[in-house]
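From first to last, the protein sequence lines are chains A and B.
Mapping to the numbering used here: the first sequence position 34 is 34, numbers consecutive.
Mapping to the numbering used here: the second sequence position 485 is 1024, numbers consecutive.
Glycine is no exception: its CB is placed at the ideal position from the N, C-alpha and C atoms.
Computed from a prediction, not measured in an experiment: that's the story for all the values here.
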Amino acid sequence: MASDPGRILAGQKWCRTSVSGEPPRLDRFRNRRRFQSSTLNVTGISLTAVSAGLLACTLLEALSSDRDTAALFAATLLVGATGALLWCFTEPGTLRMRQIFATVGWTWMLTTLLGAAPYVLAGTFAVSGAGFVEQVVNSVFESASGFSCTGATVMTDFDNAGSGLMMYRQLTQWYGGMGVVVLAVAVLPFLGVGGLELISAEAPGTSSDRLTPRVSETARRLWVVYAGFTVLSAAALFAADGFASLYDAVAHALTAASTGGFSPHPDSIGHYDSAVVETVVIVLMILGGTSFSLHWRALATRGLPYWRNSEFRSYLFVLGVFSLGVVALLWLDDGMAFVSALRAGFFNVVSLGTSTGFGNAAGSATAGDYVTWVAGAQLLLLFLMVVGGCSGSTAGGIKVMRMRVLGLLMVRSVRKTQTPHLVMPVRLGRDVIAESVVARVAGFFLLHFLMMIAGLLTVTALGGELEASLGAVVSALGNMGPALGEAGPTASYAEAFSLPARLVLALLMIVGRLEILPILLAFVPHVYRAQALRRVIRR
Amino acid sequence: MRRARPLLGAAAEPSTARIVSWPLAAVADTGLTLGLVTTACGLAGLGDDNADAAVIVGAGLACAAAAFVARRRVAPPPLPGAGRVFAGIGMLWTALVLFGAALYAGSGTLTQIDDALVESAAGFTTTSLTLLDAAETSRSVLLFRSASSWVGGLTAVMIAVVTLPTVLRSTSLIGYRTQRRGFDLVPNPRVGTRRVLLIYCGFTALCWAAYLLTGLGFVDALVLASGTVSTGGFTGRADSLAGFGFGAQLVAFFGMLLAGAGVFVIWWMARGRLRPLWRSGELRAFLVLLALATPAMALHSGVGWGEAAFMAVSAMSTTGFAVSDWTVWGTAATVVLLAGAGIGSMMGSPGGGLKVMRAQLLMGAAGGELRRQLDPRAVVLVRRDDETLTQRTLDRLGGHQIAYVTLVGAGAMLLGVAGGTLVGSVWGSVSAVSTFGPAMGEIGAFGQLSGVDRLERLALAPVMMAGRMPVPSVLAGIGLLLSLCKAALWRGRYWRSGAVARLRGEPASPQAAEQQRSDAEQLAEDGSAGARFEGRSG
């Protein structure tokens, strides 16, 4: 037994996967000793995928402005080589619940850190005497904002980056929209055992729909729908803009489909100053905030299953009611012209209600700059930032479905106080929600609330103003992008927050994107290991 | 078997009572106390402004007489339903606020009815907000303003410590019970009512004496004692406690600490029981939170530790006293203050907020949720001291937290639409819902409402009341309002909707009454047939 090279050595991380005695030369690489780590393996796949996008951006940069080509090429090599090494020299282990969360959490953190490399190498944030540490922090912030589909930016000089780098910035949001782990599950059939749990841990919402019996096939279909939707979005935007700029259309399509909100222009969609473009973007944002399983079903059945979905109906209801409320406040209370109020109000409600974060303000203190609106309208937007889009979509926030469950839970709790023996299941449409799901939703809301309080205390302690900090924390956790006060839609986070506060906000973005638990639980196995170490030391 | 007594005071004998109603009985009991206290305030104000004093004495006597007559005619049901009790609590707070508003308007102290309503709501809900200026206010009105806080605080404690645990038949999340004889504050409603009243009055007398010892006058000491014990925070001065000496501030500090700790802690201390004190996780958490908030505020505000500790206690007990203008502190310090006011005081205290115990249990529930995510089959228990909480209690806890956040959000929305700034609206809402009072923005550190926009001031009144009442009462009130609006919109006559009838326990419509009557006749026939059958077989 001891001489059997195929035996997996119990208690050791290093193992041999070959079962033959002497493998042939070609098989030697395949049957090499690999480090067993799901985290590193999935991170490797993610980084490899990101490097493919980086390579495309490098080519684009070389063909257009040729400003950051060398930096982008170096970043492609760095990210690609790291990804390939991790992918080749590791293999996924047994996925227990704890490891699943750790895998997702660490994958996102490592991808975000390495995804900042292009900005650092290109010196995107080397403006007005910024030191190296500040550049690195800003790059990590921008990377986290990209991968988490938040859309908050610390960029002050948009001319300091070439078109390839700006496209990479858009692309990070596109990767983050559907999720790098879903991508890994799609390309790795052997992750299928814990694949659905991996997708659940990463995907926004209460549960993940299994579209096909095979999890990897489900992941692949989600990506196909996502890619198709992006292509259609680009075509629609290109047409709406009068076929003026394909680059802009693709760039905005990448972030509209992912409800990310980055734009290559400092004034976002306000750059176009076109009602047609804004209308198209509104439709795209609403579709981006809808469950992709529903889109798949619409494609598969060639019908429109949307209206039969109670969450989608609630989602549209919330957007409609809040739009009317904001428009009424802007028109009656703020004294804005009705057409301007309608345009600004509707666009910003949909933008923040779907957690996209595009702005339609052509500059500060214009109609679309919502930080100048009356407090009531801003509070409605703040509430929308907390709600977010549908579960199973690329949108952030608590999600409409959870909000409905929470409302019903509150009513049930009150009614049970009045009638203690009342049996009242929580229903969504015709479906009865399982008590375990209700408990999970209540727990999630509690954790979200606690994270918000902790984030607000930390960011204000690090020097943030109350209004900007409140908006930024809610925005980061809900993956919105623009916040309130000094961090509004026409401002940069760099001017509103200190360096440590920016790092905290970057972490909150990842926490919000992964819906809190994976990041919190990512550290749990290490705690257990520390306990084991302590026991050994004690002996 | 002994007949159950009303929970907010004594009851009429069943033989003389004609109406059986818990809400009316509760209103009558509280009205009698309020009437007597108001009369006393008016009498104490004689010689200063006799016109005001006469109005207040008259109103007090009228209130007491009406309540006395009502007491003779109204009896509470032996086992009141929880729904009726929550509706009654809502009705009780509304009646108190309306009485106070009528008195302010009647005495001419506040000529606008909306101002009178806000002042009255601030008083009875023990929120440290005011429109009054002590220099221009008569002694009797000043004393009545303090008395309104005092009665409001007493009513809040009675409801939390005696009424709700009895009605809900559960002490989880509400009170403390220990099995050993003598430890339990509320062994039954009658004894509990007497003990709570004794503790509250005794604590007030002690505070009054302590303030007198620091050299304050009779009226000032009484006003401050009421503001301290009830966590109302009313001082009658525009600069709160800043103008008072160190002695008065010291008394206020310890008074707020005890008031925020609640009647259970005072009861244990009075009985010399140290064991429950040590074993109370809530008390430990309360003190730890204070110990953490003090250096955090001192660090970010630049003030001394003493001042920071004072404000920490003021916020966590939701009293609202201030010794300086804390709105100019650093942002982090004010956020800590806001968090303290949001968490609030301990169970059994007249203070508001989420309550320390609920915050503690929510943390436990959050930890449990993390554990459950790691191992979905794990049986996760949430404990409070020695007690394991049931799923029903945890459901209620979750429901309460959601309702609290919803209330704060709705309050902020209301204030924002009424014209407040964003920060001012959020601050004002948290502060008003937790019955703290002062806030960033136009309200300021001393809770003066005279500089606040009129519409915004009016919007504060329902927010304060919603924060003071139990959540089911708020929802019952909202439900009633919606029913009335719906009826007014669709039918033209609100009583046809049946909302009022349902509240009174009557059939909602003639058809329903007919159905009920025929059901009763059917039941009676069935019963007599059964009896006949049994008699024959016997």
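Reduced DSSP secondary structure (H/G/I, E/B, other) of residue 982 (chain B): For this step, residue 982 (chain B) is matched to residue 443 along the second sequence. Coil at residue 982 (chain B), not helix or strand.
Within 8 angstroms of chain A by C-beta, residues of the region 994-1011 of chain B in sequence order: 1010 and 1011
Segment limits, beta strand (DSSP E) that includes residue 34 (chain A): Position 34 of the first sequence, counted from the start, is the residue given in the question as residue 34 (chain A). From DSSP, the beta strand (DSSP E) with residue 34 (chain A) extends over 34-36.
Burial state of residue 652 (chain B), where buried means 16 or more other Cβ atoms lie within 10 Å: To locate residue 652 (chain B), count along the second sequence from 1; it is residue 113. Under this definition residue 652 (chain B) is an exposed residue.
CB contact check: residue 410 (chain A) to chain E, cutoff 9 angstroms: Absent from the structure is chain E; the protein chains it does hold are A and B.
Within chain B, partners of residue 520 (chain A) - CB distance below 8 angstroms: Taking the first residue of the first sequence as 1, we reach residue 520 (chain A) at position 520. Result: 909.
Residues of the region 613-633 of chain B with Cβ closer than 7 angstroms to any Cβ of chain A, in chain order: 621, 622 and 625
Whole-angstrom distance between residue 281 (chain A) and residue 354 (chain A), CA atom to CA atom: Mapped onto the first sequence, residue 354 (chain A) falls at position 354. Mapped onto the first sequence, residue 281 (chain A) falls at position 281. Their Cα atoms are separated by approximately 12 angstroms.
Backbone CA spacing between residue 338 (chain A) and residue 327 (chain A) [nearest angstrom]: The residue given as residue 338 (chain A) occupies position 338 in the first sequence. The residue given as residue 327 (chain A) occupies position 327 in the first sequence. Those two C-alpha atoms are separated by around 8 angstroms.
Opposing strand residues paired with residue 706 (chain B) [DSSP bridges]: Numbered from 1 along the second sequence, position 167 holds the residue referred to as residue 706 (chain B). Note: residue 706 (chain B) sits in no beta bridge, so no partner.
Among B:955, B:923, B:814 and B:919, the one whose alpha carbon lies nearest that of residue 545 (chain A): Only positions 1 to 539 of chain A appear in this structure, which leaves residue 545 (chain A) out of reach.
Rounded straight-line distance, which links the Cα of residue 969 (chain B) to that of residue 744 (chain B): Taking the second sequence and counting its residues from 1, the one referred to as residue 744 (chain B) is at position 205. Taking the second sequence and counting its residues from 1, the one referred to as residue 969 (chain B) is at position 430. C-alpha separation (whole angstroms): 31 angstroms.
Residue 871 (chain B) to residue 251 (chain A) span [Cα, whole Å]: Sequence index remark: in the second sequence, residue 871 (chain B) carries index 332 (1-based). Sequence index remark: in the first sequence, residue 251 (chain A) carries index 251 (1-based). Computed Cα separation, rounded: 39 angstroms.
Residue 93 (chain A) versus residue 87 (chain A): straight-line alpha-carbon distance, rounded: Walking along the first sequence from the start, residue 93 (chain A) turns up at place 93. Walking along the first sequence from the start, residue 87 (chain A) turns up at place 87. Whole-angstrom Cα-Cα distance: 13 angstroms.
Interface residues of the region 930-952 of chain B facing chain A [CB-CB below 9 angstroms]: 930, 931, 933, 934, 935, 936, 937, 938, 939, 940, 941, 942, 944, 945, 948, 951 and 952
Any C-beta of chain A under 9 angstroms from that of residue 717 (chain B): On the second sequence, residue 717 (chain B) is found 178 positions in, with the first residue counted as 1. Legend: pLDDT at residue 717 (chain B) = 49, less than 50; position of this residue unreliable, no value from coordinates given.
Chain A contact residues for residue 899 (chain B), given Cβ-Cβ distances below 8 angstroms: Taking the second sequence and counting its residues from 1, the one referred to as residue 899 (chain B) is at position 360. Residues of chain A passing the Cβ test: none, with the nearest at roughly 12 angstroms.
Short Cβ contact (9 angstroms threshold) for residue 895 (chain B) with residue 942 (chain B): Working through the second sequence from its first residue, we reach residue 895 (chain B) at position 356. Working through the second sequence from its first residue, we reach residue 942 (chain B) at position 403. In this structure, residue 942 (chain B) does not lie closer than 9 angstroms to residue 895 (chain B) by Cβ.
Close Cβ partners of residue 295 (chain A) (< 8 angstroms) along its chain, the five nearest in sequence each way excluded: Within the first sequence, residue 295 (chain A) is the residue found at index 295, counting from 1. If we look at residue 295 (chain A) and ignore the five residues flanking it on each side, its Cβ neighbours are 225, 229 and 287.
Residue 846 (chain B) versus residue 765 (chain B): straight-line alpha-carbon distance, rounded: Here residue 846 (chain B) corresponds to residue number 307 of the second sequence, with the count starting at 1. Here residue 765 (chain B) corresponds to residue number 226 of the second sequence, with the count starting at 1. If I take the Cα positions, the gap works out to 22 angstroms.
Where residue 651 (chain B) falls: helix, strand or coil (DSSP): Counting from 1 along the second sequence, the entry for residue 651 (chain B) is found at position 112. It is coil, neither helix nor strand.
CB of residue 67 (chain A) within 9 angstroms of CB of residue 129 (chain A), strictly: Indexing the first sequence from 1 puts residue 67 (chain A) at position 67. Indexing the first sequence from 1 puts residue 129 (chain A) at position 129. Against a cut-off of 9 angstroms, the Cβ pair of residue 129 (chain A) and residue 67 (chain A) comes out as no contact.
Chain A contact for residue 836 (chain B) (CB, 9 angstroms cutoff): Position 297 of the second sequence holds residue 836 (chain B). Not closer than 9 angstroms to any Cβ of chain A, the Cβ of residue 836 (chain B) fails to qualify, so no.
Spatial distance of residue 905 (chain B) from residue 446 (chain A) (CA atoms): Walking along the second sequence from the start, residue 905 (chain B) turns up at place 366. Walking along the first sequence from the start, residue 446 (chain A) turns up at place 446. Approximately 7 angstroms, taken between the alpha carbons.
Sufficient close CB pairs (3 or more, under 8 angstroms) joining the region 604-615 of chain B to the region 568-578 of chain B: Yes, since at least three Cβ pairs between the region 604-615 of chain B and the region 568-578 of chain B fall closer than 8 angstroms, the two stretches touch.
Cβ pair residue 747 (chain B), residue 1007 (chain B) closer than 9 angstroms: Indexing the second sequence from 1 puts residue 747 (chain B) at position 208. Indexing the second sequence from 1 puts residue 1007 (chain B) at position 468. Contact flag unset, no.
Distance CB(residue 999 (chain B))-CB(residue 971 (chain B)) smaller than 9 angstroms: Locating residue 999 (chain B) in the second sequence gives position 460, counting from the first residue. Locating residue 971 (chain B) in the second sequence gives position 432, counting from the first residue. Yes. Within cutoff.
Residues sharing a beta bridge with residue 987 (chain B), DSSP: Mapped onto the second sequence, residue 987 (chain B) falls at position 448. Answer is B:669.
contact_flag[the region 456-474 of chain A, the region 345-353 of chain A] where n(CB pairs < 8 angstroms) is 3 or more: no
Bridge partner(s) assigned by DSSP for residue 334 (chain A): Here residue 334 (chain A) corresponds to residue number 334 of the first sequence, with the count starting at 1. Per DSSP, none; premise fails for residue 334 (chain A).
Test: residue 507 (chain A) CB closer than 9 angstroms to a CB of chain B: Numbered from 1 along the first sequence, position 507 holds the residue referred to as residue 507 (chain A). Residue 507 (chain A) does not count as touching chain B.
Alpha helix (DSSP H) segment containing residue 595 (chain B), residue limits: Along the second sequence, one-based indexing puts residue 595 (chain B) at 56. Taken as a continuous stretch (DSSP letters only), the alpha helix (DSSP H) holding residue 595 (chain B) covers 589-612.
Span separating the alpha-carbon of residue 559 (chain B) from that of residue 621 (chain B): For this step, residue 559 (chain B) is matched to residue 20 along the second sequence. For this step, residue 621 (chain B) is matched to residue 82 along the second sequence. Those two C-alpha atoms are separated by around 15 angstroms.
CB-CB length for residue 581 (chain B) against residue 599 (chain B), believed under 8 angstroms: As a first step, residue 581 (chain B) is located in the second sequence; it is residue number 42 there, counting from the start. As a first step, residue 599 (chain B) is located in the second sequence; it is residue number 60 there, counting from the start. Going by Cβ atoms, the distance from residue 581 (chain B) to residue 599 (chain B) rounds to 6 angstroms, so yes, they are a contact pair.
Through-space distance from residue 166 (chain A) to residue 273 (chain A), alpha-carbon basis: Position 273 of the first sequence holds residue 273 (chain A). Position 166 of the first sequence holds residue 166 (chain A). When only Cα atoms are considered, residue 273 (chain A) and residue 166 (chain A) end up about 21 angstroms apart.
Continuous alpha helix (DSSP H) stretch holding residue 746 (chain B): start and end: Mapped onto the second sequence, residue 746 (chain B) falls at position 207. Taken as a continuous stretch (DSSP letters only), the alpha helix (DSSP H) holding residue 746 (chain B) covers 728-752.
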